[in-house]
Structure formats: C-alpha cells, structure tokens
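Colleague: For reference, each letter of the sequence shown is one residue, going 37 to 263 in this note's numbering.
For each residue, glycine too, the CB sits at the ideal point set by N, CA and C.
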Amino acid sequence: MKMKSKILLIAILTSILLYAHFTSGYVSEQTLVLDQVIMEDSAIIDTNIRVGIFVKNYFNYTITNITVSLNLTASAPLVINSSIFGQISNGNVTLNSTIQSPAEYDFTAVNITYGFMTKEYLEYNVTKLESGKSMIFYYNITSDTIIQKAIPFVKMTYYDNWEDLQQKNGQNNILVEFQSANPLRDPILPQWDIGNPLSTAWAWVIFALVPAVTAALSAFLLYFKRR
C-alpha cells in the first residue's frame with residue numbers, strides 16, 4: 037500500500053514538473069503588433085514632434101486590406117501638422133495615388149493605396165502585410181499652447197487568413213509636452229545664455245566671496261595637516 041502511494045506521489049510530482057516546464061517555455065509567435073513611437077517627447081510650441089505608427093506581422097499568414105486610423109478630436113490643442121502625405125494647408129489632405137511607406141531599419145516598404153488627413157484625424161489603407169514583415173508610417177503633431185498630453189491610441193482593422201474582419205488597438209500610452217520658447221526664469225539668477233549682463237551682486241559673489249572662502253578653507257586645512 038505504501039509502495040502504491042509513493043508511486044502515485046512520484047507520478048503527480050512528475051506531471052506537475054513537466055507541465056511547469058512546458059508552460060514556462062512556451063512563447064506564442066502568433067502575434068500582431070500595433071503601436072506608436074517617438075524620438076523625443078518634448079518640443080517648443082508651434083514646432084513638431086515626429087510620431088511613427090508601426091505594424092509588425094508575426095502571424096504565419098499575410099494580413100490584407102489594412103486600415104489604420106488615429107483620432108485627435110478629443111486631444112486639443114494637439115493637432116496633426118503633416119505626414120508622409122504632405123503638409124496640411126487647406127483643411128485636409130487626400131491621397132490620390134499609391135505611395136510607399138519608408139523602407140528603413142527593419143521596416144519594409146509597402147503600398148499605401150488610400151490616405152486622408154485633417155488636423156484632427158488620420159487614416160490610411162495598406163493592401164497587405166506579409167508574414168514576418170513590418171511597416172512604419174510617420175506623421176507630425178504640434179500645439180500652439182503649452183501643454184502636456186497623451187497621444188490617443190492608434191486603431192487598426194484588417195482581414196485575416198480566413199477573410200474575417202479583425203480589429204486591434206495600440207497599447208502604448210505616449211505622453212508629449214509642448215513648452216514655451218521663453219520659459220519663466222528667476223530674475224535673481226544670472227541668465228548668461230540669453231545675453232543678460234551679470235548683476236553687481238552676483239559679480240561680488242562669484243569673483244570676490246567664492247575665492248575668499250576657498251582661500252580661507254585651504255589655509256585652514258593646510259594648518260591642521262601640518263600639526
């Protein structure tokens with residue numbers, strides 16, 4: 037009876053260990069990545085912050101009829117200023133011919149067959165993205181007001197291998213900040229970088245008081261060192 041109990045216990049422990057080994061070692065490769073990336077998170081008001089929307093297809097099949105969209109309607113005063121479609125000048129930009137996305141780093145050039153852009157909304161369509169391929173799309177945002185705000189999540193629809201319509205949202209919460217070109221400064225502190233002259237008080241501190249204190253401290257330390 038004791039032998040049977042030992043065998044049963046060993047079998048249970050072995051099963052648990054094997055299960056833990058295989059579950060911890062399993063990494064799903066059937067993944068589709070959609071998100072945004074920035075090179076810098078702050079800029080002066082009325083200048084641009086460049087944002088990249090990237091899609092990485094780790095599925096073992098090609099996804100088709102991909103539509104990517106971004107809505108900044110509720111994110112004022114953040115607005116879209118331009119993209120690889122061009123500069124917004126008359127309220128909107130519509131893509132009337134096929135262009136290719138940038139081919140750089142690990143990103144592949146893909147055909148963008150449709151595009152529409154206003155200051156608050158961006159949308160573009162890609163015919164297909166093959167298995168193992170990645171693409172990136174660049175746009176610029178700006179603000180005429182000092183603000184710190186998150187860029188909305190990007191959204192995407194596509195058709196999978198079974199021609200079913202699927203949806204996916206980005207997950208990266210990107211916070212950007214637009215600052216004043218002339219930030220507030222303490223008038224007491226010297227402002228050499230903008231050409232303001234050094235005040236008499238600061239001149240006495242830097243050229244008289246600091247050297248005197250340094251000399252006195254050096255003499256004090258030298259006196260105790262010789263004793």
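Using a Cβ-Cβ cutoff of less than 6 Å, which residues in the same chain neighbour G88 once the five nearest sequence positions on both sides are dropped?
Modeller: Excluding sequence neighbours, G88 sits near V73, I172 and Y174.
Colleague: Sort out for me which residues DSSP pairs D71 with in a bridge.
Modeller: Looking at the DSSP assignment, D71 forms a beta bridge with F90.
Colleague: Using the beta-carbon count (16 or more within 10 Å), is V69 buried or exposed?
Modeller: Exposed, by the Cβ-count rule.
Colleague: State the DSSP-derived secondary structure class of T98, mapped to helix, strand or coil.
Modeller: Coil at T98, not helix or strand.
Colleague: Give the DSSP bridge partners of N213, in chain order.
Modeller: One detail in the question is off: residue 213 reads as Glu in this sequence, not Asn. Beta-bridge pairing links E213 to S78 and Q184.
Colleague: Work out the CA separation of I80 and I183 for me, nearest whole Å.
Modeller: Using only the alpha carbons, I get a separation of about 10 Å.
Colleague: Where does the unbroken beta strand (DSSP E) through Y141 begin, and where does it stop?
Modeller: Here Y141 belongs to no beta strand (DSSP E), and DSSP marks it neither H nor E.
Colleague: Confirm, please, whether the CB-CB distance from I116 to M153 is below 8 Å.
Modeller: Their beta carbons are under 8 Å apart, which means M153 touches I116 by this criterion.
Colleague: Using only CA atoms, which one of V190, T100, I120 and Q203 lies nearest to L165?
Modeller: Cα-wise, what sits closest to L165 is T100.
Colleague: Excluding sequence positions up to five away, which residues of its chain have a Cβ less than 6 Å from the Cβ of D71?
Modeller: So the qualifying residues of the chain are G206 and N208.
Colleague: Roughly how many angstroms lie between the CA atoms of A252 and N218, to the nearest whole one?
Modeller: So the two alpha carbons sit approximately 40 Å from each other.
Colleague: Is the beta carbon of Y160 closer than 8 Å to that of V104?
Modeller: Yes.
Colleague: Classify T75: buried if its beta carbon has 16 or more other beta carbons within 10 angstroms, exposed otherwise.
Modeller: Residue 75 is actually Met in this sequence, not Thr. Burial call: exposed.
Colleague: Quick one: what does DSSP say S179 is sitting in, helix, strand or coil?
Modeller: Looking at S179 - three-state DSSP - the assignment turns out to be coil, as it is neither helix nor strand.
Colleague: Identify which residue in K191, L106, N197 and E156 has its Cα closest to the Cα of K204.
Modeller: Of the listed residues, the one whose Cα sits closest to K204 is K191.
Colleague: Determine the DSSP secondary structure at T83, reduced to helix, strand or coil.
Modeller: Three-state result, T83: coil.
Colleague: According to DSSP, what are the bridge partners of G122?
Modeller: Partner(s): S119.
Colleague: Can you pull the DSSP bridge partners for K164?
Modeller: Answer is T100.
Colleague: If you follow the beta strand (DSSP E) that L201 is part of, which residue opens it and which one closes it?
Modeller: Counting along the chain, the beta strand (DSSP E) containing L201 begins and ends at L201 to N205.
Colleague: Between the C-alpha atoms of N128 and E213, what's the straight-line distance to the nearest angstrom?
Modeller: Their backbone Cα atoms lie some 25 Å apart in a straight line.
Colleague: Should S254 go down as buried or exposed, given a rule of 16 or more other Cβ atoms within 10 Å for buried?
Modeller: Exposed, by the Cβ-count rule.
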